[in-house]
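Written out below as structure tokens is the structure these notes cover.
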Amino acid sequence: MNHEVLSNAEIDALLELFSAEGVPEELIEDSRSLGGLHGGAITDIDLLKPNRLSRDQISIVDRIQEMVAGKLGALLVDRLRVEASCDCVAVEQMRYSNWMQQVERNASVYIVEIPPVSMPAIVTVSTDLLLGIVDRVLGGTGERRVDSEGKRRELSDAEYAVADAIMLPLLDYLAEGISEIVEVQPRVSARYANITLTQTIPFQEVVLASHFQFSGSPLLGDLRIVLAYTGLEPYLDSLATSRFVSKSGQIGAFRDRVLEHVRRVDLELGVELGHGELRLAELMELAVGDIVPICTKIGGLVDVPVEGRTKFRGVVGSRGPRYAVRIEDVVHD
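Going by my numbering, the sequence shown opens with residue 1007, and the numbers climb by one from there.
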């Protein structure tokens, strides 16, 4: 086959021809045979979609990080003597470039080597949280996050050293979570004041990202950690035997058993026939045999509470020798 390279002039002439007369019929026929242009089924494939970890693996990691979150919150309460809690609000896989867009530009960044994992973990902490920790360690209330001019300030080297008294134990707990996958020996290798300064993970690398939120009085802030999939891949099989896997191997395996138990639970159900209003003088004069009118009319709807909460409305009547109520409306599902 003779392969010729077209000149720029020939390429321009072809483009003008296609624009003026459309695509030649012989090219359309060729495209139809390949399933393109006017025929065949085309399936869109997102080659950049980060789907390296399975849904079950993400679910197990989520349970691990919930355990870690409890330890992180307890550490702040114990060390800083404040009311605080920590929740893991997200565990997901994404491209590292997308994760960087979610991080505050002025967040503090810790590069943590975690051998035998080949790539380091990256941990970011919001400036507000670190400033609150430093102020509390130094005897303050934990609320000093601005300078004398009222502007949000950055941490000094001395303040970073103070913050390490809390941050290093926090990083140890994060490493405990990673050790549920593979036993690691954490070591902080670098610290930055801006996420854009880190060059440890390629932008298109798939990462496993966990997002923790601290809340309380006065501490508020975020902590994030990412692990490169390339580094974790050799150890992910250990998740199948993790202690955080459901006993049955499937989430919701005990659903039928729980439903069977719940269906046998006794609940208190009552019928409120109505209510009336009396003046204090009338109440003081009440005697046996007196009749107190109520607001409900004969045949009108009455409230039917379940465990103290109105769930239905119905009409009172009788069934055999007993009073009964016919449900006419559902107030709360």
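Even for Gly, the Cβ is constructed at its ideal location relative to N, Cα and C.
*In angstroms, rounded to a whole number, what distance separates the CA positions of residue 1072 and residue 1109?*
21 angstroms
*asked:* Is the separation between the beta-carbon of residue 1321 and that of residue 1223 shorter than 8 angstroms?
replied: no
*asked:* According to DSSP, is residue 1255 part of a helix, a strand, or is it coil?
replied: Model confidence at residue 1255 stands at a pLDDT of 48, short of 50, so the residue's coordinates are unreliable; what they give is reported in the following sentence. In this structure, residue 1255 counts as coil in the three-state DSSP scheme.
*Apart from the five residues on each side of it in sequence, which residues of its chain come closer than 8 angstroms, Cβ to Cβ, to residue 1273?*
1312 and 1313
*From what residue to what residue does the beta strand (DSSP E) around residue 1090 run?*
1089-1101
_Nearest to residue 1172 (by Cα), restricted to the options 1318, 1303 and 1138_ = 1138
*asked:* Strictly by DSSP, which residues pair up with residue 1316?
replied: 1311
_Cβ neighbour criterion (16 or more within 10 Å) applied to residue 1323_ = Taking a 10 Å sphere around the C-beta of residue 1323, we find fewer than 16 other C-beta atoms and assign the residue as exposed.
*Assess, as a yes-or-no matter, whether the segment 1208-1218 is touched by the segment 1089-1108 under the definition of 3 or more beta carbon pairs within less than 8 angstroms.*
Between the segment 1089-1108 and the segment 1208-1218, the count of C-beta pairs closer than 8 angstroms reaches three or more; the two stretches touch.
_Ordered list of beta strand (DSSP E) runs contained in the segment 1146-1222, each at least 3 residues_ = For the segment 1146-1222, whole beta strand (DSSP E) runs of length 3 or above, ordered along the chain, are 1193-1198.
*Specify the secondary structure class of residue 1130 as computed by DSSP and reduced to three states.*
Strand.
*Determine the DSSP secondary structure at residue 1015, reduced to helix, strand or coil.*
helix
_Sufficient close CB pairs (3 or more, under 8 angstroms) joining the segment 1159-1169 to the segment 1121-1141_ = Verdict: yes, contact present.
*Would you decide whether residue 1107 is buried or exposed? Buried here means 16 or more other CB atoms lie within 10 Å of its CB.*
exposed
*asked:* Between which residues of its own chain and residue 1275 is the CB-CB distance below 7 angstroms, once the five residues before and five after are set aside?
replied: 1310 and 1312
*Report the rounded CA-to-CA distance for residue 1226 versus residue 1147, giving the unit in angstroms.*
13 angstroms
*Ends of the beta strand (DSSP E) at residue 1118?*
That run of the beta strand (DSSP E) goes 1114-1119.
*Starting from the C-beta of residue 1085, find all residues in its chain whose C-beta is less than 7 angstroms away, skip the five residues before and the five after it, and write them out in chain order.*
Short of 7 angstroms from the beta carbon of residue 1085, and not among the five residues preceding or following it, lie these beta carbons of its own chain, in chain order: 1172.
*asked:* Taking 8 angstroms as the cut-off, does the segment 1263-1270 touch the segment 1298-1310 (at least 3 CB pairs, one atom from each stretch)?
replied: no
*What are the start and end residues of the beta strand (DSSP E) that includes residue 1079?*
Unbroken run through residue 1079 is the alpha helix (DSSP H), 1061-1086; no beta strand (DSSP E).
_In this structure, how does DSSP classify residue 1142 when only helix, strand and coil are distinguished?_
helix
*asked:* Once DSSP output is grouped into helix, strand and coil, what is the label at residue 1270?
replied: coil
_Contacts around residue 1329, its chain only, beta-carbon distance under 6 angstroms, and the 5 residues preceding and following it disregarded_ = none
*What is the C-beta distance between residue 1101 and residue 1212, in whole angstroms, given that I count them as a contact (C-beta under 8 angstroms)?*
Going by Cβ atoms, the distance from residue 1101 to residue 1212 rounds to 6 angstroms, so yes, they are a contact pair.
*Where residue 1286 falls, given that 16 or more other Cβ within 10 Å makes a residue buried*: exposed
*Take residue 1238 as the anchor and find which of 1318, 1189 and 1294 has the nearest alpha-carbon.*
1189
*Is the beta carbon of residue 1319 sitting closer than 8 angstroms to the one on residue 1294?*
No.
*Return helix, strand or coil for residue 1263, following the three-state DSSP convention.*
helix
_Distance between residue 1247 and residue 1240 (C-alpha atoms, nearest Å)_ = 15 angstroms
*In chain order, what residues of the same chain lie with their CB nearer than 7 angstroms to the CB of residue 1067, ignoring the 5 residues before and after it?*
For residue 1067, where only same-chain residues beyond five positions count, the Cβ hits under 7 angstroms are 1097 and 1214.
*For residue 1117 versus residue 1236, is the C-beta distance shorter than 8 angstroms?*
no
_residue 1160 and residue 1200 closer than 8 angstroms at C-beta_ = no
*asked:* Between residue 1322 and the ligand FMN, is there a pair consisting of the residue's CB and a ligand heavy atom that are separated by less than 7 angstroms?
replied: The ligand FMN is not among the ligands present in this structure, which contains no ligands whatsoever.
_Assigned secondary structure, residue 1237 (DSSP; H/G/I helix, E/B strand, else coil)_ = helix
*Alpha-carbon to alpha-carbon, residue 1115 and residue 1128*: 7 angstroms
*If we call anything under 8 angstroms between Cβ atoms a contact, is residue 1196 one with residue 1120?*
no
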